[in-house]
Structure formats: C-alpha cells, structure tokens
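Protein chains in written order, with this note's numbering: chain U, 9 to 905; chain E, 37 to 158.
Don't be surprised by glycine CBs; every beta carbon is placed ideally from N, CA and C.
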C-alpha cells in the first residue's frame, strides 16, 4: 500500500515543483525573455483548465451512469474551437483593444462601462464558481480517502474537512503569490499559466497511462475492450436526444463564459495567432482526455465491487490491481485538474470582485481623497488578495456545509448553466450594435433569477433553502411555481427545463428591451468598438500608424486644441520618444495617446473618427459618423434641456421673490391697518369712557353740562357704529362678496337723493352745489343705492373739507358712446400732491384730522363700489380745487330705455 | 405753583374730558392740538407736566417727546404719553423715547388724575 506520508510528501513535492515552475517562468518573463512562454503550445495547454477534476474523475462516473452522454462535455468546446474560432478571435481582439480584465469587465465595457452589469456578472460568477471550487476540494479529499480506505493500522488520515481546508489554504497561498504579483493592464500571469500548462501535461499523461493500463493491462487490448463495451450496460444507454443538444450547447457556452475559461482564452492570450493552433490542438487534447473514459468505466463496472464509486475508478482500478505507482500518478493527475481549476477560477473571480465590487466601494468611501494616486496600487493588490482568500474560503465553506454530493457532474452542469446566462449579452454585445444596457441588465437579472430558482436552489433539495415540499408542490402549495415544472412546463429533465426557462427568458428580455430602449452615447460608442473591432483596430498592436503623417495629426490637433496647446503636446511626445523638434513618430502608442487627449475636447467617437481618417488605420465608417452625430446631438439636447431648466428655475425664483415681496407688503399693510383700526376705535371709546365716568362720579353737574356730556357719549357711540358699518361694508366690497341690486335709474334722480342726504350735515360754511340738469338726464342701469352712496360720500367730503371762503361744488356729467363721466369739482385748496396717491387707501385721512369727524374709509369704500359697478374713481390734479372723476360703463343703457 | 398742565391732544371731546377732570382737582389746564409747534408751546408755557397724545396732526408725539428730552430745560419734565393704538410696540417706543408714564386710551379718569399728581409730586 502507499503509505499516507508518502502520498502527502509527493503532493507537497509536486506543489513545490509547481512553485518552482511558476517562479522560473515569472523570472523569464520579468527578464523579457518570453520565448517559449509565448508559444501557442503553452496557450493551448493552459486552456485545459476546462478539464477539471470533474472531467478527470467525473467523466468516468458520468459514463458509468449515463453512457456516451459524457461526450457532450467535450463536444461543445470542440465545436467552438473548430467551428467558431472566428468568434474567439473577435473576443480576443476586443479583449486586447479594450484592455479587458474579465468577463464581467467585457460585459460592463460593452454596455457603456456600466458597473451595474459588472456587479451582476460578478455575482453570477461567484455564485456559479463557488460550488465548482467546492467540487474540486471534494475530489481531492475523496481521492485521499481512497488511499486511506485501503489503509493499514497506524494510518492517521485527517478527517475530510481538515484535508479540504489544507488544500484550500495551500491553493490560496499559491494563487496569491502568483496571481497578484503585478497589475498589468492586461492581467497576464506567466507563472500561473506555465504551471497550468505543466499540470495539463500531468493530467493528460496520468489519464492516458491509466487508460493504457486498463486496455492492455487489465483487458485484452482494444478489441476486447470494444467487446466489453458492447456487452456492458453502457451500451444499453439510449443517447437521449432531448438532452444531447442542450448539453452540447451548454458546454459550448461554458467554454466562452466560464470565468476561468475567459481568463485563459482571452485575458492570458498574448498573441491572436495562438488561436489558430489552439483551434485544432485543444480539441485534440480533449479527444485524448476522453479516449479512455469508456474503457475505464466499463472495466471498472465489471471488475470492481458494485458499491465502488464510479467517479473514482481512475484511482481505484490501479489500486485494485496493486499498481501503486500508477495510482499515485492518477492521483497527481486528479490533483492537477483540481488545483489548476481552483487557481485560475480564483484569479478570474477575484479580479472581478476586486475591480467591480471592492474598488468602487473603496473609492466611494474615500471620496475626499485626491491623494490616493500613490497607494492605489497597494489597495488594488490587497483587494485582489483578500478576494482570492475570500473565494477559496467560500468554496471551502460550501464544501464543508454540503458535505460533498455524490454526483460530481451535477454540480458542474449547474455551474455551466449559471454562467451560460452571460451568453446572450456576450454574443449580442459583440455582434449586434442595437444591444443596450437595459436589455442586457434585464436579461441577466431574469436569467440569473430563473436559474437560481429552477436549478441552483433545487440542488439543495431537502435543506431549508429548498424544502422537499416546495419542490414537489411548489412554494405555498402553488403548483404552477414548482421549481422543476414552472408554469406547468415539465420536460422530465430539470436541467433542460431550467435552461429553457432561464436562457429563453434571458434572451427574450435582452432582445426585446434592447429593441425598445435607446443606448447612451457611451454605449453606442462602445457598441461600435466591439461590433466593428476588426475595422477599428488593425491588428494586435492597436493602431498601425503606417501611413499616418505626423504633420497632418499636428494640423488637426491644432484645430481642435489650439496651436499652443497642440504644439506643447507634440513637443512633449517627441521628447518622450527621444526626438528633436516637435514632430514625434506616429507610433501606435502616440496615436492612442493623442486620441485620448482629443477625446477630452471633442468626445471619444469624434476623436476616434478624426484620428482614424488621418492615420488610415481604419476607414471612417458610417457608423462612426453616426456615433459622432449621436454624441453631438445628445450633448446639444442635453445642454438645451439644461438651459430650459435653468430658465424655468430662474423664472420660478423671480415669481417666488415677487410673491414673497407681495406677502411681506400685505403683512405690513395688515399690521398698519390693525393699528389704525385700533386707533379709530379707541378714540371715540376714550371719550365715551371719560364722560361716562364723569357722569357717574360727579354729583354737582348742572343740567346743561349733564345734557352736553350725554350727547357727546351719544355722538361718539354713533361714530363707533358708523366706523364698524364702514369696515364691514369695505370688507364685503373688497372680497367681492357684495350682491349688486342692479336696476334702471336716472342719474339726475340719484344725484338729487345724494344732495338731499348730505344737506342735513352741520357745516361752518354752507356749500353751494352747481349742477346742469340737462346733462344729468341720463338713463342708467346699475345698483342705484351704491352709486348714491358714492355721491353722498363725495358731496359730504366737499362739505367737510372744502376750505374756500364760499365753498362751491360743481357736478359735471358727460356722456360718451360707451361711458358716463361725473366730475365733482370744488373750489378749495385741493389735496397736496404728495398725498394724492394715498387718498384712496384705508384711513388715509389727511392731516387735518380734527376736521374729519369720521374715519378715513370713505374714499376707499367709493373706490371699491366703483370697482364693483364696473367703473372707476380718480383724483384729477386740475391745479386748483379738488376734482374727483367717476367713470361708469354705459353697457346697460338699453335695459334702462 | 406746580399746578399747570399742558394737554397736547387733537380730539376735542377728549380735551374736554381731561380738562374737566383736572380742573375739578384744581389744576390749570392749557391745551394745544397741533404737533408742528408743540415743542415751542411747551417752551413758552413752561408747564409742570405735559399730557401728550401720540397721534397728532403734522407731527407725531414721539418726535415731540424726543425733542423735549434732548433740550436741557425739558429733559426732566414729566410727560404722560397717551396712545390709542395700544400695541406692545407702542409701549416699547414710549419707553425708548423717555415718557415718564404711558397710558392707553380709553383711560380711566382716576388713573389720569393719579398719574398727574404722582408725576408732579415726585
């Protein structure tokens, strides 16, 4: 038997060997001697991270359970690499041109550099990758246990979670050491890739060795094996057509969308031409990996005891025949498969997590810091390292909680289906310019959700995450929501069911919403860059400035930036290239740099189109021009919207200021008015109180005095009543609540009534009233009582205030087609100019208060009455005397006739 | 001596009432009803106390009071201020301008009498 210590020692030795390989590769890369590190062979071998422990051990188990179906896992990638290598070339080209660091970055970048999408894809990747990592830990642990199962006394095998823990810890250290050494924009890891390539060789050799041993060592050669296969139950398996197509599709999608596959295929690619080699070499590798799967499964089924786990036949077969060396090699092969997957997946996912979740959060948390330029590198590296540790810890935790499921393949397929949700956005993004951020986000979220509900959560069958009752009867007993038969769709196969739902809805939403939503300028630009990547960039080096004339570029830059700034830029660039003068060589670097400088002034699309035209590196396409036009139009529309908005705002502000001023003024007027009313009320009350106290307290008053004081009290009471009446009247008139009693009347009669009413007023000098009867004979239709009130007021004022020696009031009536004017002119001294403007205000009693005898509400009431009657009252500054002019409309004359 | 009241007020009925009340108590009451020359009248008549209305034609009682307080001869003259507005702001104004006492209309006759007696006695 293999002593356990030896097993551990071999493991550790192997890991140290990998460390050395990776270290040596890094050293070579650092020294700039890439040499064979950049060979297409290393690239192809690194692609073998596709073959995980699942493929290594699990394929045999898969074959033992489901016959040839395991082939689908190899057929998908083969189809992609052989038939669709142009798709891969496009991805690689885009990855290079856009400096893509992960699949999340690709999706985000395509849809206008949306971090939302990046976060969605990252979450998808974390959720999809964690069980997969757990699967690798499980396989390593299981393979340890195989050795311990045959253990003799004295073997101390650590329990399985401890094994898994140490494996996870070791992988963490390795991944951190070689995965976060540098922060190249293109994120290449020569050490890791080389180590993966070595592991690829180890696992292939191991599997081939076991296969050869089984075919020629256990069975009697190729012919015998074929007979055995025919005889075995595997031959009975029907190639369930319903599953084949979806499975092939799924594995084809996985090779594009699995984070680790994207990492090695696109991010780690150093030369587009390597794809040409990989397009035949990788399928060949897959073919070799699958060659002996069936023989091993068949021999395992027929020679090993029935209870043996078919997933481990690769190990148990050599052990059963006491080939310990071979078993050890097989163990290392499985170990390689597991570790390479975990390392690359951890690097890929940690890049996403740190770039799209940790860094944005960190930058947001320290918004005040303009000073992070110095330590940002450290922060990124630290974020990346913590992410790696976090992802492995997650995988380990998942493993220790689920305790390892029996069938390895199931977890793998769940992962595949999860990551396949990225496919619509990915393919749509690089082939269809109409794809939009909203479409991609909707598709991804819906696909993610449906996948989780129909496939991922049901894998926890029987736990609190997915109680058996929910699976059988649907949540809350709603049968239509059964996770494995959503809306009654029951395909009989949970995987196919989940794919139809998640990818179907995903694609529908993606296409549908893309069609009805409009992309932002950034999306348009990026969309054009992605879809037309072969026109925009003419080779792995980005711009080829072959025909670019530095002078032309300089002229253009001067037009955009102005002569001084453009010359300064060109001089700087020339100095950086070590050239005299101010015309640098139009190297790709310089042209890229210039384009970025210009895009700051004219927008990215415009800058690209302009530079492209001059360098001739790419024809300016109609799409480019449209993108420029779009950008400009949107900017203009945006700015005109802003202008409109700001105009609106300043108008609103002015209105508010006006309203506020008005309110303030009204408030001041109200205070003044209250103060006035208080004064007007308190003055008569003072007299009333003073005299009533005198009457009460003085016994010695004579009858004449008694009489006089009582009349004062009486008069002042009347004055108070009048004041209150006037106030109420004014209030009603001002609020427009007055009811007019309009009736036909004659102006002369109304004037007669007013003159009679004022005749009783006691005055010092009698007032002579001059009238022209003939002119006054005008039919009128109005509220005659109200009009009479105005006349009484004006005549009364003349009686009270006209200070002429022989007071005289002339009443002049003029009639025009549409109105009647009545002037009241007295021969007094008139109203001082500066008071003319306030006479119609409330309590605007003029200075000679003592002569007034009543509150100054009269003219205010007149003004309100005239307003209510549809006319007006005005003071005419005639030079001498006081003249008030009343104007009334004649609209009602015909009623009066 | 010490029995001369100058009443500066424009409302005839109030003048008559205050005159009656004070004369019955033995005071000599002279009156004036225009704000414009009120300060001159005070200077000329030299009363022992002035009863001053705030709302006067042509000049406000506050302005008159301020002038009286600013002049040497009348700085300490007792002035009883009367106002019909009766808002708290008026009381503050009265204090600021230096009224010896402040009364709101309508007043009680006894109060006027007591105030005049007090102010002259002190």
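- Neighbours of residue 701 of chain U in chain E, taken as residues whose beta carbon is under 9 Å from its own, are 53, 57, 144, 145, 146 in chain order.
- One alpha carbon belongs to residue 810 of chain U, the other to residue 834 of chain U, and they sit about 7 Å apart.
- In the pairwise beta carbon analysis, the segment 513-523 of chain U is classified as touching the segment 442-458 of chain U: at least three pairs are separated by under 8 Å.
- In this structure residue 830 of chain U is not in contact with residue 775 of chain U, their Cβ atoms being roughly 17 Å apart against a cut-off of 8 Å.
- DSSP places residue 898 of chain U in no alpha helix (DSSP H); its state is neither H nor E.
- Nearest in C-alpha terms to residue 143 of chain E, of all of U:864, U:781, U:827, U:697, is U:697.
- When Cβ-Cβ separations below 8 Å define contact, residue 139 of chain E makes no contact with chain U.
- Annotated as distal: residue 155 of chain U and residue 326 of chain U, with beta-carbon spacing of 8 Å or more.
- DSSP, reduced to helix, strand and coil, places residue 280 of chain U outside both helices and strands of the structure shown, so it counts as coil.
- Distances from the alpha-carbon of residue 428 of chain U to those of U:84, U:710, U:525, U:299 put U:84 closest.
- Nearest to residue 704 of chain U by alpha-carbon distance, out of E:158, E:57, E:39, is E:57.
- About 11 Å separates the beta carbons of residue 114 of chain U and residue 273 of chain U, which is beyond the 8 Å limit, so they are not a contact pair.
- Secondary structure note for residue 27 of chain U: it is in no beta strand (DSSP E), and the uninterrupted alpha helix (DSSP H) holding it is 12-38.
- Nearest to residue 83 of chain E by alpha-carbon distance, out of E:53, E:98, E:141, E:111, is E:111.
- Residue 219 of chain U places its beta carbon less than 8 Å from that of residue 303 of chain U.
- Contact of residue 675 of chain U with chain E by beta-carbon distance below 9 Å is absent, the smallest such distance being about 14 Å.
- In this structure residue 363 of chain U is buried. Its beta-carbon is surrounded by 16 or more other beta-carbon atoms within 10 angstroms.
- Residue 149 of chain E places its beta carbon 8 Å or farther from that of residue 136 of chain E.
- Every unbroken stretch of the beta strand (DSSP E) spanning 3 or more residues and falling wholly within the segment 786-857 of chain U is given here in chain order: 787-790, 816-823, 827-834.
- Taking residue 129 of chain U as reference, the option from U:481, U:561, U:426, U:507 with the minimal CA-CA separation is U:426.
- By alpha-carbon distance to residue 251 of chain U, the top candidate from U:536, U:778, U:207, U:501 is U:501.
- With respect to chain U, the C-beta atom of residue 100 of chain E has no partner C-beta closer than 8 Å.
- Among the residues facing chain E, residue 720 of chain U is included, as its CB has a counterpart in that chain under 8 Å away.
- Annotated three-state conformation of residue 143 of chain E is coil, per DSSP.
- Scanning its chain for C-beta atoms nearer than 6 Å, with the 5 sequence neighbours on each side dropped, one finds around residue 72 of chain U the residues 305, 309, 318, in chain order.
- When rounded, the separation of the alpha-carbon atoms in residue 346 of chain U and residue 534 of chain U is 37 Å.
- Annotation: Cβ neighbours of residue 91 of chain E in chain U (cutoff 7 Å, chain order): 687.
- The C-beta of residue 789 of chain U has 16 or more other C-beta atoms within 10 Å across all chains shown, which makes the residue buried.
- Here the segment 716-729 of chain U lies against the segment 681-694 of chain U, with 3 or more beta-carbon pairs under 8 Å apart.
- Inclusion of residue 786 of chain U and residue 820 of chain U in the CB contact set at 8 Å is not warranted, their separation being larger than that value.
- Under the 10 Å beta carbon count, residue 655 of chain U is surrounded by fewer than 16 other beta carbons and is classified as exposed.
- Proximity of residue 44 of chain E to chain U, defined by a Cβ-Cβ separation below 8 Å, is not satisfied.
- Burial of residue 141 of chain E is indicated by the presence of at least 16 other C-beta atoms within 10 angstroms of its C-beta.
- Along the length of the segment 406-483 of chain U, whole alpha helix (DSSP H) runs at least 4 residues long occupy 416-427, 430-439, 445-459, 476-481, reported in chain order.
- Between the alpha carbons of residue 442 of chain U and residue 522 of chain U lies a gap of roughly 6 Å.
- Following the DSSP letters along the chain, one finds residue 341 of chain U in no beta strand (DSSP E) but inside the alpha helix (DSSP H) bounded by residues 332-360.
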